[in-house]
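Take any residue in the sequence shown, note its place counting from 1, add 102, and you have its number in our numbering.
To keep things clear, I will list the structure first and then write my remarks on it.
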Amino acid sequence: MLPGRPVLLLGLDGLGQEFLDSPLVADAAPTLAALMRDGGVAPLRSTFPPYTAPAWTSITTGVGPGRHGVFGFTDADGHPVNDTSVAAPRLWDYVGRAGGRSVVVNMPITHPPRAIDGVLVSGMPVPPGAPYTAPAELAADLEASGYTVDVAVREDGSDGPATLARLRGMTEARGRAAIKLATANAWDLLVVTFVLPDRLGHPWWKYVVAGDPLYDSRAAEKVREGARVCLAALDRAIGDLLASLPSTAAVVACSDHGFGTLRADVFLDVALAQAGLVDAPPGAGAIARLGRSAVGRRLPAPVRRLARGVTATTNRRGGG
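Okay, here's the thing in structure tokens:
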């Protein structure tokens, strides 16, 4: 153990200020409200692009996408990114180098799981059936308690009640697993990420946060009640986790991005081509080819990184 206070990094995927200010969260999440009331609160600017993969990687490395190399869930060639794609040390690497130990639970872009000074449970994306814990034997114990890495959510929200029930179960199991691992292992850094706000936001933002035209629709009422139950479960899980910590522990809570109402998609290359201002839509493929060409290799490093990032965000799959 290192001298000084142990630290919990509490990740809340997709929990932006609009979510926090909504009556739904205010009613269901007294623990989160107390954290904000009793601690320091400040806005964070997300990465560019403001997606889960680059943002969490920046939070855990301290550098931007241009340096850690993760711009989305896929790379410039369309291949899925994973922990081996990250070109910078993570927080737990620094802790290990200093002689400390870490417990990492469900941080995105940590698969495949690699041995660290401590224990690691990979976060999404994890291929079905793939190992996701280091050491490997942790998985059986976690799954016996109902642990699951993630729950698939339809973007149209059409499977609402069943998905909300699975999200609640996933969140409760994650909280139990985090407490068990943190209690069973010595640690200087504890990292626990809950993805529930993100999974609610993608299909049901229009129903759970006031201001959207569909907020007062009949469909919204049923979803909001299920979302309230899920958020209450998240808040209890966080409260139980905080109660299990050493009295000296410092808590840092953060998110990777927020949400907003999407009204339209604009594709500038198509618009310019339709206006006759370019010979042909260049697309991200042309930008990527430039970055890999002999000419591209002579470009300044920031321009090469931009080419890589544009393609990765165009090819990206999965959540934001």
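Beta carbons: idealized from backbone N, C-alpha and C, even for Gly.
Note that the coordinates shown come from a computational prediction; the quantities given were computed from them, not determined experimentally.
| Given 8 Å, three or more beta-carbon pairs between the region 123 to 133 and the region 171 to 188 | no
| message | Pull the bridge partners of phenylalanine 296 from the DSSP assignment, please. | response | Taking the sequence shown and counting its residues from 1, the one referred to as residue 296 is at position 194. For phenylalanine 296, the beta-bridge partners assigned by DSSP are Leu114.
| Three-state secondary structure assigned by DSSP to valine 310 | Residue mapping note: residue 310 aligns to position 208 of the sequence shown, counting from 1. If DSSP states are grouped into helix, strand and coil, valine 310 belongs with the helices.
| field | Proximal residues to valine 205 (C-beta, below 6 Å), its chain only, five neighbours per side dropped | value | The sequence position of residue 205 within the sequence shown is 103, counting from 1. The answer, listed in chain order, is Gly220, Val221, Leu283, Ala284, Asn287, Trp289 and Leu292.
| request: Go to alanine 128, then tell me how far its alpha helix (DSSP H) extends in each direction, as first and last residue. | output: Residue mapping note: residue 128 aligns to position 26 of the sequence shown, counting from 1. Note, alanine 128: alpha helix (DSSP H), 125 to 130.
| query | Grouping DSSP H, G and I as helix and E and B as strand, with all else coil, what is threonine 162? | reply | As a first step, residue 162 must be located in the sequence shown, where it is residue number 60. Looking at threonine 162 - three-state DSSP - the assignment turns out to be helix.
| query | Who are the Cβ neighbours of serine 357 in its own chain at under 6 Å, not counting the five residues just before and after it? | reply | For this step, residue 357 is matched to residue 255 along the sequence shown. Contacts found: Leu114 and Leu117.
| query | In whole angstroms, what separates the C-alpha of valine 331 from that of alanine 267? | reply | Locating residue 331 in the sequence shown gives position 229, where the first residue counts as 1. Locating residue 267 in the sequence shown gives position 165, where the first residue counts as 1. Valine 331 and alanine 267: Cα-Cα distance of roughly 9 Å.
| valine 311 vs serine 124 beta-carbon contact at 8 Å | Counted from its first residue, the sequence shown places residue 311 at position 209. Counted from its first residue, the sequence shown places residue 124 at position 22. Yes, the pair counts as a contact, with Cβ atoms nearer than the cut-off.
| task | With a cut-off of 8 Å on the beta carbons, I'd call alanine 279 and tyrosine 249 a contact; round off their distance for me. | result | In the sequence shown, counting from the first residue as 1, residue 279 sits at position 177. In the sequence shown, counting from the first residue as 1, residue 249 sits at position 147. That pair is a contact at about 5 Å.
| query | Within 10 angstroms of its Cβ, does valine 397 collect 16 or more other Cβ (buried), or is it exposed? | reply | Translated into positions along the sequence shown, residue 397 becomes position 295. In this predicted model, valine 397 has a pLDDT of only 48, less than 50, meaning its place in the structure is not dependable enough to derive any value.
| task | Determine the closest residue to valine 109 out of Pro152, Phe173 and Arg203, with distance taken between C-alpha atoms. | result | Within the sequence shown, residue 109 is the residue found at index 7, counting from 1. When only C-alpha atoms are compared, the closest one is Arg203.
| query | Among Asn208, Ile218 and Asp140, which one has its Cα closest to the Cα of valine 251? | reply | The residue given as residue 251 occupies position 149 in the sequence shown. Comparing Cα-Cα distances from valine 251 to each of Asn208, Ile218 and Asp140, the minimum goes to Asn208.
| request: Return helix, strand or coil for leucine 291, following the three-state DSSP convention. | output: Here the question's residue 291 lines up with position 189 in the sequence shown. Leucine 291: strand per DSSP, three-state reduction.
| said: For the ligand ZN, is there any heavy atom lying closer than 7 Å to the beta carbon of asparagine 184? | reply: In the structure shown, the ligand ZN is absent, as is every other ligand, since no ligand is present at all.
| task | For the alpha helix (DSSP H) holding serine 346, just list the boundary residues, first then last. | result | Looking up residue 346 in the sequence shown gives position 244. First-last of the alpha helix (DSSP H) with serine 346: 320 to 346.
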